[in-house]
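Here the structure comes first, spelled out in structure tokens, and everything after it is commentary.
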Ligand code: SF4
Ligand code: SF4
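Numbering (this note's numbering), first residue to last: -4 to 315.
Here you go:
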């Protein structure tokens, strides 16, 4: 990225970015999704699913970058149609993206589109995925293919094929630098897909955070991880139902959650609020658990500075 000297920065440009930043509405992810499941660190996916850090806010430039990806999609579909592909980016029943769910709604995949008539395989229906790349990433992609260059995209593609039952995938990539485009077909791999779904189930049902991929906060996988502060830097997770040890994702509903403490279903809107009976999942407290009082519904921790902290007690609000 080229940074302009401060004197060259137009206040209009600053106003554009500030406006985008003001209008963003960061939200927790309700469900596990195809776009997150390809990450190598299961712990980072669990943290996101368990709302263990506040949803991220982005700079105006990053928001425009996300926009660029979305804006490319209609253009990519026009290009595919020009080549004779009969494709659709919306489910006519919902008017929304093609969406498939698994595990009673706890896992969702949203495909960019689906279509027939690819020159290489004109009969077979394909799920379509559109990705934009910077120059370096695009060059790597064209040299070694998507499985090596972007394995997390293949995981997403396998999950989309598995959940949709459409067993071919067309990966359409665009170089944001020079408008070069690249396409690659990906075949459904049942063994890989079953492994991915097992990973989803493991994370869904994990009551504790999975193991770290590294104990070094400066490891390349941790350096830009959104969960770094709660994972490595001793920061408390926020209070909400998903960080509470009384909550469990349950089967048999539509991405349903249950509260053991109150014996009730947890609506999504209630989950954000939590309640005064909240007790942290112990690994989300940056201390060591040293005592539990079931009668008083408290858990005591020894903190890194040697002090003790009681979750559920009078001082718990102040500490976290
Ligand atoms: S900081 Fe590292 S170990 Fe922790 S969740 Fe992120 S990637 Fe995983
Ligand atoms: S005890 Fe309160 S915070 Fe915990 S899961 Fe139940 S309603 Fe949510």
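Quick reminder that beta carbons are idealized off the backbone N, C-alpha and C, glycines included.
9 Å Cβ cutoff met for residue 103 and residue 27: yes
When the Cβ atoms of the region 0 to 17 are set against those of the region 71 to 91, are three or more pairs found closer than 8 Å? no
Whole angstroms are fine: how far does the CA of residue 154 sit from the CA of residue 99? 15 Å
Exposed or buried, which one is residue 67 when buried takes at least 16 other CB atoms within 10 Å? buried
Which two residues bound the contiguous alpha helix (DSSP H) that contains residue 182? No alpha helix (DSSP H) contains residue 182, which is instead part of the beta strand (DSSP E) from 176 to 182.
With DSSP as the reference, label residue 285 as helix, strand or coil. strand
Looking at C-alpha atoms only, which residue of 117, 152, 145 and 115 is the closest neighbour of residue 108? 152
Looking at the unbroken beta strand (DSSP E) that takes in residue 48, where does it start and where does it end? Careful: residue 48 lies outside any beta strand (DSSP E) and carries neither H nor E.
At least 3 beta-carbon pairs within less than 8 Å: the region 11 to 20 vs the region 189 to 199: no
Collect the residues with a C-beta less than 5 Å away from any heavy atom of ligand 2 and give them in sequence order along the chain. 236, 239, 241, 242, 254, 256, 269, 270, 272 and 273
In this structure, what does DSSP give as the bridge partners for residue 374? Residue 374 lies beyond the range of the chain shown here (-4 to 315); nothing can be said about it.
Can you tell me whether residue 296 is buried or exposed? The criterion is at least 16 other CB atoms within 10 Å of its CB, across all chains shown. buried
Tell me the DSSP secondary structure of residue 278 in three-state form. helix
Under 8 Å, with one C-beta from each stretch per pair, do the region 121 to 135 and the region 160 to 171 reach the 3-pair mark? yes
Under the rule that 16 or more other beta-carbon atoms within 10 Å means buried, what is residue 172, buried or exposed? exposed
So is the beta-carbon of residue 217 under 8 Å away from any non-hydrogen atom of ligand 1? yes
In whole angstroms, what separates the C-alpha of residue 304 from that of residue 164? 52 Å
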